[in-house]
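For the sequence shown, my numbering gives the first residue as 1, with consecutive numbering after it.
Glycine included, each C-beta is placed from N, C-alpha and C at the ideal position.
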Amino acid sequence: MKQALTALVLLAALGTAFAQAQPPAAPGTTPAAAAPAATAAPAPAGGIRSQNIFEVKPEASADPNYANQTNGERMKVQPGNNAPMWRQVGQGVTGYSSLPKSEAPEAGNLIQPFVQYPGSRFTNAGEAWRQVRNDWIIPYGAALLFVVLLALAIFYFTRGPIRLHGQETGRKIERFTPFERATHWSNATAFVTLAISGIVMAFGKFFLMPWMGATLFGWIAYALKNVHNFVGPLFVVTTVFMVFTFIRDNLPRASDLKWLARFGGLFGGKEVPSHRFNAGEKLVFWGGVLFLGLFVIGSGLFLDKLLPGFVYTRGEMQVAHMIHGIATLLMMAMIMGHIYIGTLGMTGAYKAMRTGYVDETWAKEHHELWYDDIAAGKIPAQRTVAADASAPVAARAPQPAEGTSS
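Quick look at the structure:
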């Protein structure tokens, strides 16, 4: 009984304290109606409160004398937004950063120091890179590709493809082994993928975005950018295979000088004799695949941040981007000629890389010295063991076609 009385006294005391803590109700209202109003605006908690910057009033620029403020006056209303501060930023002055210098050497630099790249004015490095890209690489690169494409089209419609003069004998010579063809086609596929995606990223806003719109073009460019980044390493691997697979037959020979002096007989007359690869193909191999390929691959791996030992600063990335753009455009111009000869420009050339075999007449007319070595037994006509008896391989040494001399 005594415990029950104690509990009732405690409840009464709590009820009295709660009633005293409630604010007085407004006239004409009941306590029940006033209760929600009392709980609608809780007391602010302690600590830092966030605030929408767009709701901060008044703005500093609302001052009628804003444009005439001195740097000292501006410093009071907008700290850091004054001419001396932005002058230092524009000059590339390094500010304070807690990040380690060895890992983030540009952390304190909002704008890069002044430089002068070839073709740019003396200005900050970001603007200099933009000038080189927009004023030189993009317009002149597009002009180069267009001129090469136009020249190939004119040559094709005026001269037509290079055809055989003699009749095919039906006897086949193995020109490319399955491994050589697999190496070539994997490298060619990677190259074409990179070339198309690169062209869209570099020039797409000029010839695609006007008719498909910015949204669709943005998605396409974003997708191709990722394809470009992932196919790049595949191109590196296949290019290494290309070099080691074909380097032996692309070594310079004395007969190459005669071929170059007459442009291989491309503009009239009999085709100049050559070994397995003529001087034009060797120029594409050494100049395009190997020399320009080193710059394309090196700069591409750098832009993908796949080379160890670099911090990858903005300046280094800008230089790598310029090298990559120039080298790829030159490489594409050279490979365009190679693609033309290997498809439309020469009858039987595409079939040789697709099937691996050429007719004796084709070998004699286009690579006579290579054919002579095969006829003399210095090079086997069949380098791959036939899978079955139906393989299109001559069972004996190749013989000269009718009407020709060996």
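Item                                                                                                            : Value
Whether K172 touches E360 by CB criterion (9 Å)                                                                 : yes
Start and end residues, beta strand (DSSP E) containing V358                                                    : Y357 to D359
Cutoff 7 Å; reference G232; Cβ partners in own chain excluding five residues on either side                     : L194, G300 and D304
M201 and K225 closer than 9 Å at C-beta                                                                         : yes
Beta-carbon separation (whole angstroms), T347 vs R163, contact threshold 8 Å                                   : 5 Å
DSSP-derived helix/strand/coil call for I297                                                                    : helix
Among E365, K364, A363 and G293, nearest to A333 - alpha-carbon criterion                                       : G293
Inter-residue Cα distance where the pair is L307 and F277                                                       : 34 Å
Secondary structure of E316, DSSP reduced to three states                                                       : helix
Local Cβ density within 10 Å of G28, reported as buried at 16 or more and exposed below that                    : Residue placement at G28 is flagged as unreliable, the pLDDT there being 48, under the threshold of 50; a coordinate-derived value is accordingly withheld.
Segment contact flag, the stretch 77-88 with the stretch 278-291, C-beta cutoff 8 Å, min 3 pairs                : no
Euclidean distance between Cα positions of N109 and V227                                                        : 32 Å
DSSP three-state assignment for A35, whether helix, strand or coil                                              : Annotation note: pLDDT 44 at A35 (below 50); position unreliable, coordinate value reported separately. Correct three-state label for A35: helix.
Anticipated Cβ contact below 8 Å, E106 with R314, distance rounded                                              : 6 Å
Where the alpha helix (DSSP H) containing E73 begins and where it ends                                          : N71 to V77
Residue range of the alpha helix (DSSP H) that includes I199                                                    : P178 to F207
Cβ-based neighbour list, A21, same chain, cut-off 7 Å, excluding 5 preceding and 5 following                    : Residue placement at A21 is flagged as unreliable, the pLDDT there being 43, under the threshold of 50; the coordinate-derived value follows with that caveat. Excluding residues within five positions, none has a Cβ falling inside 7 Å.
9 Å Cβ cutoff met for Q112 and S120                                                                             : no
Close-in-space but distant-in-sequence residues of the same chain around A32 (CB under 6 Å, 5 per side omitted) : Unreliable placement is indicated for A32, whose pLDDT of 43 sits below 50; the coordinate value is still reported in the next sentence. The answer is none, since no qualifying residue turns up.
Residue burial classification, S97 (beta-carbon count within 10 angstroms, cutoff 16)                           : exposed
Helix, strand or coil at K258 according to DSSP, with G and I counted as helix                                  : helix
Local Cβ density within 10 Å of E316, reported as buried at 16 or more and exposed below that                   : exposed
K364 to Q116 span [Cα, whole Å]                                                                                 : 55 Å
Length of the line joining the Cα atoms of I374 and V296                                                        : 37 Å
Inside the stretch 138-171 only - beta strand (DSSP E) runs reaching at least 3 residues                        : none
Where V311 sits in the DSSP three-state scheme                                                                  : coil
Start-to-end residues for the alpha helix (DSSP H) that takes in G126                                           : A125 to V132
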